[in-house]
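Residue numbers (my numbering): 7 to 182.
Right, dumping it as structure tokens:
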């Protein structure tokens, strides 16, 4: 288990390896949180990077008496995401939703292609029907909520929830 408070203290002392360990430990979850908040993977990646820069710069300001290290890190990330949302609201979108859907499809295809053809996860995912597989990948690769997946797949919310729940159960069974 990573002691985040010690890593932040090491960052305050200028230990770049500590920042790398923080990113390794929390980067995936941070990206998931940022993706859910921003609904754009490119902005989410920027938010995580900006948040980690702020963690590095402000590490000396962290006070363990005021809260947990993880709470401090995720507050920085949340505030960065909210700032990005405010700034984005001022801009006029230049790309239609169709481009986002095409990009999401290519992201899912890319994630699928990156799975080793001989991996147990790929074998188990191939055992699921296409809709269930797409719902699970949309949730875990793109960070979409069940409601967002239902809207994109033009399926009832209850069905999407069932697909994900049953699909995860089948994956758990297949991988054990």
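Even glycine gets a Cβ: it sits at the ideal position worked out from N, Cα and C. On a predicted model such as this, the values are computed, not experimentally measured, just so you know.
With distance defined between alpha-carbon atoms, name the residue in 26, 43 and 167 nearest to residue 88. Considering only alpha carbons, the answer is 43.
Unbroken alpha helix (DSSP H) run spanning residue 144, endpoints: 136-146
Can you tell me where the alpha helix (DSSP H) with residue 187 in it begins and where it stops? This structure leaves residue 187 out entirely; the chain is present only between 7 and 182.
Per DSSP, what kind of secondary structure is residue 182 in: helix, strand or coil? Three-state DSSP puts residue 182 in coil, outside helix and strand.
What does the Cβ neighbour count give for residue 144, buried or exposed, with the cut at 16 atoms within 10 Å? buried
Under three-state DSSP, which class holds residue 168? helix
Can you tell me where the alpha helix (DSSP H) holding residue 9 begins and where it ends? Segment: none, residue 9 is in no alpha helix (DSSP H) and carries neither H nor E.
Between the C-alpha atoms of residue 159 and residue 138, what's the straight-line distance to the nearest angstrom? 11 Å
Could you please give the first and the last residue of the uninterrupted alpha helix (DSSP H) stretch that includes residue 64? 47-64 is the span of the alpha helix (DSSP H), which, as asked, contains residue 64.
Would the region 35-54 count as touching the region 147-154 if we require 3 or more Cβ pairs under 8 Å? yes
Whole-Å CB distance - residue 25 paired with residue 78, under 8 Å assumed: Not a contact, Cβ separation roughly 14 Å.
So, with DSSP's three-state summary, where would you put residue 133? It is coil, neither helix nor strand.
Is the region 10-22 close to the region 44-51, with three or more CB pairs under 8 Å? no
Quick check on residue 161: does DSSP put it in helix, strand or coil? coil
To the nearest whole angstrom, what separates the beta carbons of residue 3 and residue 11, a pair I think is in contact under 8 Å? Shown here, the chain extends from 7 to 182; a query on residue 3 therefore has no answer.
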